[in-house]
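Engineer:
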Amino acid sequence: MSGSGKKVADLAVKAGKAIDWDGMAKMLVSEEARKEFATLRRTFEDVNNQLQTKFSQEPKPIDWEYYRKGIGAKVVDMYKEAYDSIEIPKYVDTVTPEYKPKFDALLVELKEAEQMSLKESERIEKEIAELREMKKKISTMTADEYFAKHPELKQKFDDEIRNDNWGY
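Read in UniProt numbering, the sequence shown has 65 at position 65, and its numbers run on one by one without any break.
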């Protein structure tokens, strides 16, 4: 196998070790997402395993003498000459340089969205806590206590009363 195939297999192993599969799995909410994630992980591990087993091994050298004895020197020499003349072109990666900046920009955008999401989650958690507290106290709460927490509503009601607007 060529040296570049070995490099690809080595990079796949490093990438597999760098992925926090358990951390990502904890973020999933729905059962369908968990199933899709498990499929993605299995597929990644299968490909990674194939890279390690099939593509990272060097091919066995051809025993030309064995074939010369069985087939004949003239035919084997013709095949050996053709085999030796084969040149495998080196892979030139033109895709990664094109998409790497786009991927990096998406990662930055993802981090920003994550921060916004965390802030919104925090705000919603506070709101839920306030609503739970109000639910407990609603049966015994007076109007003054409610208006103390919501002065904008008190102002609205006072304005309506002052303007003689009784809602009908």
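All C-beta atoms in this analysis are idealised placements derived from N, C-alpha and C, irrespective of residue type, glycine included.
(1) Compute the Euclidean distance between the alpha carbons of Leu107 and Ile138, then round it to the nearest angstrom.
(2) Can you tell me whether Lys90 is helix, strand or coil according to DSSP?
(3) Return the CA-CA distance between Phe44 and Glu58, expressed in angstroms with no decimal places.
(4) Where does Leu51 land, buried or exposed, given buried means 16+ other C-beta within 10 angstroms?
(5) Asp63 by DSSP, collapsed to three states: which one?
(6) Could you check the C-alpha separation between Glu130 and Ser121 for me, to the nearest Å?
(7) Taking a contact to mean a Cβ-Cβ separation below 8 Å, would you say Ala25 touches Phe37 in this structure?
(8) Do you know how far the Cα of Thr39 is from the Cα of Phe157?
(9) So, helix, strand or coil for Lys119, using DSSP?
(10) Output the distance between the C-alpha atoms of Ser117 and Asp93, rounded to the nearest integer angstrom.
(11) Compare the beta carbon distance of Trp64 and Val47 with 8 Å and say whether it is the shorter of the two.
(12) With C-beta atoms as the reference, is Trp21 less than 8 Å away from Arg34?
Structural biologist: On the basis of the data shown:
(1) Reading the sequence shown from its first residue, position 107 is the one you call residue 107. Reading the sequence shown from its first residue, position 138 is the one you call residue 138. Looking at the two C-alpha atoms, the distance is approximately 45 Å.
(2) Counting from 1 along the sequence shown, the entry for residue 90 is found at position 90. Lys90: coil per DSSP, three-state reduction.
(3) For the purposes of this step, residue 44 is taken as residue 44 along the sequence shown, with counting starting at 1. For the purposes of this step, residue 58 is taken as residue 58 along the sequence shown, with counting starting at 1. Roughly 23 Å separates the two Cα atoms.
(4) Within the sequence shown, the letter at position 51 stands for residue 51. So Leu51 ends up on the buried side.
(5) Within the sequence shown, residue 63 is the residue found at index 63, counting from 1. It is coil, neither helix nor strand.
(6) If you number the sequence shown from 1, residue 130 lands on position 130. If you number the sequence shown from 1, residue 121 lands on position 121. C-alpha separation (whole angstroms): 14 Å.
(7) For this step, residue 25 is matched to residue 25 along the sequence shown. For this step, residue 37 is matched to residue 37 along the sequence shown. Taking 8 Å as the Cβ cut-off, Ala25 and Phe37 qualify as a contacting pair.
(8) In the sequence shown, counting from the first residue as 1, residue 157 sits at position 157. In the sequence shown, counting from the first residue as 1, residue 39 sits at position 39. Approximately 58 Å between the Cα atoms of the pair.
(9) For the purposes of this step, residue 119 is taken as the residue at position 119 of the sequence shown. In this structure, Lys119 counts as helix in the three-state DSSP scheme.
(10) On the sequence shown, residue 117 is found 117 positions in, with the first residue counted as 1. On the sequence shown, residue 93 is found 93 positions in, with the first residue counted as 1. Distance between the alpha carbons of Ser117 and Asp93: 36 Å.
(11) In the sequence shown, the residue the question calls residue 64 occupies position 64. In the sequence shown, the residue the question calls residue 47 occupies position 47. Their beta carbons are not under 8 Å apart, which means Trp64 does not touch Val47 by this criterion.
(12) Numbered from its first residue, the sequence shown carries residue 21 at position 21. Numbered from its first residue, the sequence shown carries residue 34 at position 34. No, these two residues do not count as a Cβ contact at 8 Å.
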